[in-house]
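Inspection log for the structure reproduced underneath, given as structure tokens.
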Amino acid sequence: MWIYILKRIALMLPTLIGALTITFIVIQFVPGGPIEQIMAEAHTRGGGGAEGGVYKAARDSDARQIAELKKLYGFDKPVHVRYFEMLGNFARFDLGRSFLQNKDVWSLIKEKLPVSISLGLWTFLFSYLISVPLGIAKAVRDGSRFDIATTLVVLVGFAIPGFVLGVFLIVLFAGGTFLEWFPLRGLTSDNWGDLSWPGRIADYFWHLTLPLTCLVVGSFAVTTMLTKNTFIEEMRKQYVLVARAKGLSSRRVLWKHIFRNALIPLVTGFPAAFIGAFFAGALLIESLFSLDGLGLLSYESVVRRDYPVVLGALYLFTLIGLVVKLISDLLYVLVDPRLQFTAVAK
1195 MWIYILKRIA LMLPTLIGAL TITFIVIQFV PGGPIEQIMA EAHTRGGGGA EGGVYKAARD
1255 SDARQIAELK KLYGFDKPVH VRYFEMLGNF ARFDLGRSFL QNKDVWSLIK EKLPVSISLG
1315 LWTFLFSYLI SVPLGIAKAV RDGSRFDIAT TLVVLVGFAI PGFVLGVFLI VLFAGGTFLE
1375 WFPLRGLTSD NWGDLSWPGR IADYFWHLTL PLTCLVVGSF AVTTMLTKNT FIEEMRKQYV
1435 LVARAKGLSS RRVLWKHIFR NALIPLVTGF PAAFIGAFFA GALLIESLFS LDGLGLLSYE
1495 SVVRRDYPVV LGALYLFTLI GLVVKLISDL LYVLVDPRLQ FTAVAK
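Rendered as structure tokens:
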């Protein structure tokens, strides 16, 4: 077991360095870097027109000021020096400081975590709480009207983009045209601190209702169908026929024999699904409902060429993804004793 874990950790290092290296190389050739962004903003605040864009602002600015900015942000150093400095800092988990917000990258990520945790955690929980029971019910009633009707509903929900559903819900329930039942900004109301604890909980979920609906509707289809197909496959195996031949009731066979084996793929997928709910697919929903989370931070950092935030977020997300993949593989072997670490390693 430990040999397998050490091998996987050794393989993580080149993967992580490769992702950082490719991104670092790409950003060297992207036009409109942070210096140009800062000079353009300074030119605009100083009353200059936008004509000529970023490059005109840079040309018209004082050369000494540009040199000072390059020295401040480390762009006066050769590319290879900056690259190895980045790797050294990341090895110490020093993600640097944001060029444009002048804040530590760790601090920025911590500021956005409450939104991402709220969206990710509840999306994960509600998705599984709906998907697993629904998938089991569909497997037991395979081919029935219930199965056909729920399959249609699941596939329609999966086919509708979350952003489109969000626009529809805003128009219908958030004061767009018809009703004004739900708020559109933030996780809590302005008077949240003055509310009682039951009132705070109610206010929190009141703000989350529409964003969570958009995320959950499109996320539980895959898990539902996976649950159904896994249970159907287990129902057709020989041990189930033997259990039924011994006179065991269908309910006892389902919950004592089939349930444990059929849930193995779902249980082993928990870590990846849990982390994926935090970092995947929430950018448009965050933008639509004015929720300032990690997805929006990453997008704005790319647009504004805030390289420390881009590289720091990439480093953190890639590292988390690799660790979660390792945990998923370990969990699969621990849940299913028929597998061995040596076989997985091959």
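Numbering (the working numbering), first residue to last: 1195 to 1540.
No residue lacks a Cβ here, since even glycine has one placed at the ideal position from N, Cα and C.
Would you give the residue range spanned by the alpha helix (DSSP H) that residue 1291 belongs to?
Run containing residue 1291: none; DSSP gives neither H nor E here.
Which runs of the alpha helix (DSSP H) fall wholly inside the segment 1308 to 1354 and span at least 4 residues, in chain order?
As far as the segment 1308 to 1354 is concerned, its whole alpha helix (DSSP H) runs of at least 4 residues are 1339 to 1353.
Below 8 Å on the Cβ atoms is my contact criterion, and I expect residue 1360 with residue 1420 to pass it. Report the Cβ-Cβ distance as a whole number of Å.
The pair is not a contact, with the Cβ atoms about 25 Å apart (cut-off 8 Å).
Going by alpha carbons, who is nearest to residue 1225 out of 1261, 1206, 1501 and 1325?
Residue 1225 has its Cα closest to that of 1501, out of 1261, 1206, 1501 and 1325.
Quick one: using the 10 Å Cβ neighbour count with 16 as the cut-off for buried, is residue 1388 buried or exposed?
By the neighbour-count rule (16 or more Cβ atoms within 10 Å), residue 1388 is not buried but exposed.
Excluding the five sequence neighbours on either side, which residues of its own chain have a C-beta within less than 7 Å of the C-beta of residue 1386, listed in chain order?
Counting only Cβ-Cβ distances below 7 Å, and skipping sequence neighbours, we find 1394 and 1397.
If distances are taken between C-alpha atoms only, which option among 1288, 1477 and 1503 comes closest to residue 1408?
It is 1477.
Excluding sequence positions up to five away, which residues of its chain have a Cβ less than 6 Å from the Cβ of residue 1217?
Cβ within range, chain order: 1508.
Just list the residues that DSSP pairs residue 1368 with in beta bridges.
For residue 1368, which the question treats as bridged, DSSP gives the partners 1374.
I need the DSSP call for residue 1523, collapsed to helix, strand or coil.
Helix at residue 1523.
I'd like the list of long-range same chain contacts for residue 1437, defined as Cβ closer than 7 Å, with 5 residues on each side in sequence excluded.
Around residue 1437: 1447 and 1451.
Taking 8 Å as the threshold (C-beta atoms), are residue 1299 and residue 1506 in contact?
Yes.
Restricting to Cα atoms, I'd like to know which of 1346, 1384, 1510 and 1343 is closest to residue 1304.
The shortest Cα separation from residue 1304 among 1346, 1384, 1510 and 1343 belongs to 1510.
Can you list, in chain order, the residues of its chain with a C-beta nearer than 8 Å to that of residue 1494? Leave out the 5 residues immediately preceding and following it.
For residue 1494, where only same-chain residues beyond five positions count, the Cβ hits under 8 Å are 1500.
Output needed for residue 1497: all residues of its chain with C-beta closer than 8 Å, excluding positions within five of it in sequence on either side, in chain order.
Contacts found: none.
Would you mind sorting residue 1411 into buried or exposed? The rule is 16 or more other CB atoms within 10 Å of its CB.
Classification for residue 1411: buried.
Should residue 1384 be labelled buried (16 or more other beta-carbon atoms within 10 Å of its own) or exposed?
Flag for residue 1384 reads exposed.
Could you name the residues that DSSP lists as bridge partners for residue 1298?
Per DSSP, 1291.
Provide the residue span of the alpha helix (DSSP H) that contains residue 1401, from first to last.
1391 to 1429 is the extent of the alpha helix (DSSP H) around residue 1401.
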